[in-house]
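Numbering (the UniProt record's numbering), first residue to last: 1 to 306.
Below you'll find the structure, written out as structure tokens, and then a few comments.
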């Protein structure tokens, strides 16, 4: 399945706005992938979306004019966060080895402690990452000019914690912007991450806006100027939930896509849950260090105003 971003990139060869440091939220469908850019164009990737979103991921890198990635972080091992990795590594030609393969200097993930997924996506990730992958200790920092990424130190998850709660939470500085990237953590762990990183300018809402991944306390501690939600148009989880959107009712939020937008779908309609400052992107989103936003779609990149 092709996402809006993939189809448009294939047809038009879109280029990004002329901007310095920023965050490129990639429309990978139901999953998550984010590209962070430093002052001189250095790139950090966070997660890789599902396998079906790998084309969008590769074309996003092409928009930045490179196949070099300084650091690739996978917050946890669910397939909608690591599934695009193996295909994206092969570049546009889908062959490996070949000249357009991605060159990744460092790979970070949550480590191999605790129960591990029994999935094809995870097996492919381990096989391809090999000895290059590392589990960064809490407090680890990756920094280049205009970009700083810190792995937050949270209380250890319970022994029986699900995969989502074993994930990394990241506190990021992009230019003068501060952002919290909590992966798919549940609300209690997002609260810990928000207390450690907040207040922030931008929050990437945990677990695609699932009802159990946000709380009033988490939002209060993070206190974001804007929130970004990554979800798929046809996702069977009905992400984002009306409860999560209600927590953001009076705040600016950008939603890449969502179940419940199409009234013919199986999920409850979201029209009554959307706040006055909630915007449906319908593609990818670029946020620069000044919190200015651009939508990416078939017409190119266009400045977006709430």
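We put the beta carbon where it would ideally sit given N, CA and C, even for glycine.
**OP:** Answer yes if the region 193-212 comes into contact with the region 154-172, meaning at least three C-beta pairs across the two stretches below 8 Å, and no otherwise.
**Re:** With a cut-off of 8 Å, the region 193-212 and the region 154-172 count as touching, because enough Cβ pairs lie within range.
**OP:** Quickly, what does DSSP pair residue 142 with across the bridge? List them, please.
**Re:** BP columns for residue 142 point to 149.
Original post:
Considering residue 25, what are the terminal residues of the beta strand (DSSP E) in which it resides?
Top reply: Looking at the DSSP string, the run of the beta strand (DSSP E) that includes residue 25 is 22-25.
Subject >> Alpha-carbon spacing of residue 147 relative to residue 264, whole angstroms >> reply: In a straight line, the C-alpha of residue 147 is about 42 Å away from that of residue 264.
Original post:
Buried or exposed: which applies to residue 262, given that a residue is buried once 16 or more other Cβ atoms fall within 10 Å of its Cβ?
Top reply: Taking a 10 Å sphere around the C-beta of residue 262, we find fewer than 16 other C-beta atoms and assign the residue as exposed.
**OP:** Quick one: residues in its chain with C-beta nearer than 7 Å to the C-beta of residue 221, no 5 flanking neighbours on either side, listed in chain order?
**Re:** Cβ within range, chain order: 191, 194, 195, 198.
**OP:** Run through the region 34-103 for me and flag every whole beta strand (DSSP E) of 3 or more residues, listed as ranges in chain order.
**Re:** Fully contained in the region 34-103 are the following beta strand (DSSP E) runs of length 3 or more, in chain order: 34-37, 43-46, 71-73.
Original post:
Is it buried or exposed for residue 294, if we count other Cβ within 10 angstroms and need 16 for buried?
Top reply: With 16 or more other Cβ atoms within 10 Å, it is buried.
Original post:
Along the chain, where does the alpha helix (DSSP H) that runs through residue 190 open and close?
Top reply: Residues 187-197.
Subject >> Pick from 258, 271, 184 that is closest to residue 282, judged by C-alpha positions >> reply: Considering only alpha carbons, the answer is 258.
**OP:** Could you tell me whether any non-hydrogen atom of the ligand COA is closer than 6 Å to the CB of residue 44?
**Re:** Absent from the structure shown: the ligand COA. Ligands present: none.
Original post:
Is it true that the region 137-151 meets the region 47-59, where meeting means three or more beta-carbon pairs spaced less than 8 Å apart?
Top reply: No, the region 137-151 does not touch the region 47-59.
Subject >> Opening and closing residue of the alpha helix (DSSP H) in which residue 331 lies >> reply: Outside the displayed span of the chain (1 to 306) sits residue 331, for which this structure offers no information.
Original post:
Mapping DSSP to helix, strand and coil, what is residue 207?
Top reply: It is helical.
Subject >> Sheet register partners of residue 171 (DSSP bridge) >> reply: Bridge partners of residue 171: 150, 180.
Original post:
Whose CA, out of 176, 138, 243, 269, lies closest to the CA of residue 205?
Top reply: Of the listed residues, the one whose Cα sits closest to residue 205 is 243.
Original post:
Counting pairs of beta carbons, one from the region 30-44 and one from the region 58-76, are three or more of them closer than 8 Å?
Top reply: Contact between the region 30-44 and the region 58-76 is present, because at least three Cβ pairs lie under 8 Å.
Original post:
Can you find at least 3 beta carbon pairs, one from the region 269-285 and one from the region 151-169, that sit closer than 8 Å?
Top reply: Between the region 269-285 and the region 151-169 there are fewer than three C-beta pairs closer than 8 Å, too few to call the two in contact.
**OP:** Count the other CB atoms, across all protein chains shown, that sit within 10 Å of the CB of residue 6; report buried if there are 16 or more and exposed otherwise.
**Re:** In this prediction, residue 6 scores a pLDDT of 47, lower than 50, which makes its location untrustworthy; the coordinate-derived value is nonetheless stated afterwards. So residue 6 counts as buried.
Original post:
So, are the CB atoms of residue 260 and residue 270 less than 7 Å apart?
Top reply: Yes. Within cutoff.
Original post:
With respect to the alpha helix (DSSP H) encompassing residue 225, which residues constitute its N-terminal and C-terminal limits?
Top reply: No alpha helix (DSSP H) contains residue 225, which DSSP labels as neither H nor E.
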